[in-house]
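K.L.:
Line by line, the protein sequences are chains A and B.
Quick note: the first sequence, position 144, residue 150 per my numbering, numbers continuous.
Quick note: the second sequence, position 4, residue 10 per my numbering, numbers continuous.
The structure that follows is given in the form of structure tokens.
2 protein chains.
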Amino acid sequence: MTNPRADRVRDVAKLAQRSARQRRGLFLVEGPQAVREALRLDASRGTPLVTEVYASPACLDRYPELDELATATGALRLATDEVLAALADTVNPQGIVAVCRYLDTSLDDVLARSPRLVAVLCRVQDPGNAGTILRAADAAGADAVVLTEGSVDVYNPKVVRSTAGSLFHVPVVIGVDGDELVARVREAGLGVLAADGYGVVDLDVLQDESAARRLGSEASGGGNGAGDSPSSYALERPTAWLFGNEAQGLSEEELALADARVAVPIYGEAESLNVGTAATVCLYASARAQRLDPGLNG
Amino acid sequence: MTNPRADRVRDVAKLAQRSARQRRGLFLVEGPQAVREALRLDASRGTPLVTEVYASPACLDRYPELDELATATGALRLATDEVLAALADTVNPQGIVAVCRYLDTSLDDVLARSPRLVAVLCRVQDPGNAGTILRAADAAGADAVVLTEGSVDVYNPKVVRSTAGSLFHVPVVIGVDGDELVARVREAGLGVLAADGYGVVDLDVLQDESAARRLGSEASGGGNGAGDSPSSYALERPTAWLFGNEAQGLSEEELALADARVAVPIYGEAESLNVGTAATVCLYASARAQRLDPGLNG
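Below is the structure:
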């Protein structure tokens, strides 16, 4: 394709708008890393995910795996840099743009798989923050990411970009009501923690208690129940973490739904942490406690 | 002030450019939170920091503490929203803009205060990442942040904004050569860790070993030297962390300078972590190990 003003190009470019995405159930994926992850997922599941791939010959030459995966879809079209620039939301899509079907799943599906770590974005609005949390959730081995009603659109090109491919690794659930979500995850056996800068429970205390339980039980021969420290919440439990809107944090209603309001400790003078940063610390703390718990591993 | 085309307004607005900042040794601070932190620091030190403050009456009405601090400088001028928009780098400076003197300090000053936790940005280029790391370093109680030659300008308005005031909390050193820096921090008794996604040392292993030493020594009556696990690096040591450029990571030369190359473990499928996210996890791990070490606290 050489004409950046072709109808097809215009149709794809419209996917930068939420209304067009929602009408067609399709979204844009840009750049070699994100497109490769989309194609890998496409290749591994039964139903097709990637409906179109546009790439420059130079990009395919440079990334042979991408070339192979894209060719295998039967939906690859060579395109000039001008066409690629017109298709993409970014000025420089680095030679490749794909169109994908929506891939969010249902809360039922997620809960049926007995998740142990779930990140819930409660009205998080900034695309970069949402993407950072999704990427951190993937890194921490979370089983799902849920975006409640009123959160940024996970298919916004800025969110897709900032997940750096993690959107294709972690099951995502969107448009859920917060109250209903909490009730459902509780039924599924998960505890619920609210990340809250004003929380009275210190994340480090939860980590200390969890470590003490583990080392206590190891010392007593690998049994369980040997922990003797008073625990407000056992961090090694299957857990859904609630993360709030960047300006307002979690609402009183959301906070009231949680088993505990947990603050990441601030050792310096910073007033608060960015929600993406706080979420990273919280998810890694849970992942570490769960991994180390002798009752759940080995 | 009511004329957005006045010479004074133009002069201030030029501080969005690096060349103007460097020539004059001044930078822009925008928004109530950042300006308040600048004014608080200004009020607490001997040499003046804030040279000019421009604010709308509405903003001063809304933030009485800001009004008081700004008035006390003797450098407050009321301005219209049009003037404020013309002064600032952002479209909406939320009613207040200040001009500050450069506040970076020397490596000598930092090392003279026996720092225990230092974050080193090695050619980090993205303003948002640099700001996130500075904010996380502040939250984790780091004693200084160092930006090596070739890093983003810490006085770039985007960096200043994304630090959310932490630029005025943590001593910052700029323009240092990486080799020299490492030699100097070693002389000052700090160990050096490289955050490296390909590192062979797992951050969780360092945390486990540190926790085991602590609990071991507590069990033996608070003595020290009771740790019996093989340690590649004692996380409770005073430490300088090296964080690399977002695209290239740390160079082989930089990696070779470190005592260990440490990876934040990836439990899921994510290929890597954003440098800001990785830095947060690393700095918090050190802060926690240092805080808990009985040899250094209580």
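Glycine included, every Cβ here is placed at the ideal spot set by N, Cα and C.
Quick caveat, the model's predicted, so the values are computed rather than measured.
1. Residues in the same chain with beta-carbon distance under 6 Å from ALA200/A, minus the five sequence neighbours each way, listed in chain order, please.
2. Please list, in chain order, the chain B residues whose beta carbon lies closer than 8 Å to that of VAL287/A.
3. Provide the residue(s) that pair with ASN251/A in DSSP beta bridges, ordered along the chain.
4. In terms of alpha-carbon separation, which member of VAL287/A, PRO244/A, ALA276/A lies closest to ARG119/A?
5. Hey, ALA146/B and LEU123/B: beta-carbon distance below 8 Å or not?
6. Please confirm whether ALA76/A and ALA61/A have their CB atoms less than 8 Å apart.
7. Any C-beta of chain A within less than 8 Å: which residues of the stretch 168 to 183 of chain B qualify?
8. Between TYR161/B and VAL207/B, how many whole angstroms is the CB-CB distance? I'm expecting something under 8 Å.
9. Quick test of the definition: if touching needs 3 or more C-beta pairs under 8 Å, does the stretch 101 to 115 of chain A touch the stretch 169 to 183 of chain A?
10. Do the stretch 71 to 89 of chain B and the stretch 16 to 31 of chain B make contact, defined as three or more Cβ pairs closer than 8 Å?
11. Anything in chain C within Cβ reach of TYR273/A, meaning under 8 Å, just list it in chain order.
12. Leaving aside the five residues before and after ASP73/B along the sequence, list all residues of the same chain whose C-beta is less than 6 Å from its C-beta, in chain order.
13. Leaving aside the five residues before and after ALA94/A along the sequence, list all residues of the same chain whose C-beta is less than 6 Å from its C-beta, in chain order.
14. For THR169/B, does the three-state DSSP call read helix, strand or coil?
15. I think THR169/B touches LEU140/B, with their Cβ atoms under 8 Å apart; what is that distance to the nearest whole Å?
16. Note down, in chain order, every chain B residue with its Cβ under 7 Å from the Cβ of ASP276/A.
17. Per the DSSP calculation, GLU58/B is bridged to which residue(s)?
18. Report the rounded CA-to-CA distance for SER235/B versus LEU212/B, giving the unit in angstroms.
19. With 8 Å set as the bound, which would you pick, yes or no: does the beta-carbon of ALA232/B sit closer than that to a beta-carbon of chain A?
20. Spell out a yes or no on whether the stretch 143 to 157 of chain A and the stretch 272 to 285 of chain B are touching, meaning 3 or more CB-CB pairs, one atom from each, closer than 8 Å.
21. Do ARG190/B and LEU127/B come within 8 Å of each other at the CB atom, strictly closer than that value?
22. Which word fits GLN23/A, buried or exposed, when buried means at least 16 other C-beta atoms lie within 10 angstroms of its C-beta?
23. Can you tell me the Cα-Cα spacing of SER216/B and VAL287/B, whole angstroms?
24. Cα separation between GLU88/A and ASN9/A?
25. Please work out which residues of its chain come closer than 8 Å, Cβ to Cβ, to ASP185/B, disregarding the five sequence neighbours upstream and downstream, and give them in chain order.
P.N.:
Put simply:
1. Taken in chain order, the residues that qualify are LEU248, LEU256, LEU261, ALA264, ARG267.
2. Within chain B, the residues near VAL287/A are THR286, VAL287, TYR290.
3. In the DSSP secondary-structure assignment, ASN251/A is bridged to GLY255/A.
4. Closest by alpha carbon: PRO244/A.
5. With respect to LEU123/B, ALA146/B sits close: the two C-beta atoms are nearer than 8 Å.
6. Taking 8 Å as the Cβ cut-off, ALA76/A and ALA61/A qualify as a contacting pair.
7. Correct list: ALA170, GLY171, SER172, HIS175, VAL176.
8. Contact annotation, TYR161/B with VAL207/B: C-beta distance approximately 35 Å; criterion of less than 8 Å not satisfied.
9. The answer is yes - the stretch 169 to 183 of chain A touches the stretch 101 to 115 of chain A, with three or more Cβ pairs under 8 Å.
10. No, the stretch 71 to 89 of chain B is not in contact with the stretch 16 to 31 of chain B.
11. As a matter of chain content, chain C is missing from the structure shown, whose protein chains are A and B.
12. So the list reads LEU66, once near-sequence residues are dropped.
13. Cβ neighbours of ALA94/A beyond the five flanking positions: GLU36, VAL103.
14. Assignment of THR169/B by DSSP, reduced to helix, strand and coil, places it in the coil class.
15. So it is a contact: roughly 5 Å between Cβ atoms.
16. Note that residue 276/A corresponds to Ala in the displayed sequence, not to Asp. Those within 7 Å of ALA276/A in chain B are ARG141, ASP144, ALA145, SER172, HIS175.
17. Residue pairing by DSSP places GLU58/B opposite VAL105/B in a beta bridge.
18. Because the pLDDT of SER235/B is 42, which lies under 50, any placement of that residue in the model is unreliable, and the number read from its coordinates should be weighed accordingly. Each residue's alpha carbon lies about 10 Å from the other.
19. The pLDDT assigned to ALA232/B is 38, lower than 50, so where the model puts this residue is not dependable; a value taken from the coordinates is nonetheless given after this. Look at ALA232/B: its C-beta is not under 8 Å from any C-beta on chain A.
20. The stretch 143 to 157 of chain A makes contact with the stretch 272 to 285 of chain B, as at least three CB pairs between them are under 8 Å.
21. 8 Å or more divides the Cβ of LEU127/B from the Cβ of ARG190/B.
22. Exposed: under 16 other Cβ atoms inside 10 Å.
23. Straight-line measurement puts the Cα of VAL287/B at about 16 Å from the Cα of SER216/B.
24. Each residue's CA atom was taken as its position, placing GLU88/A and ASN9/A some 8 Å apart.
25. Contacts found: GLU259, LEU263.
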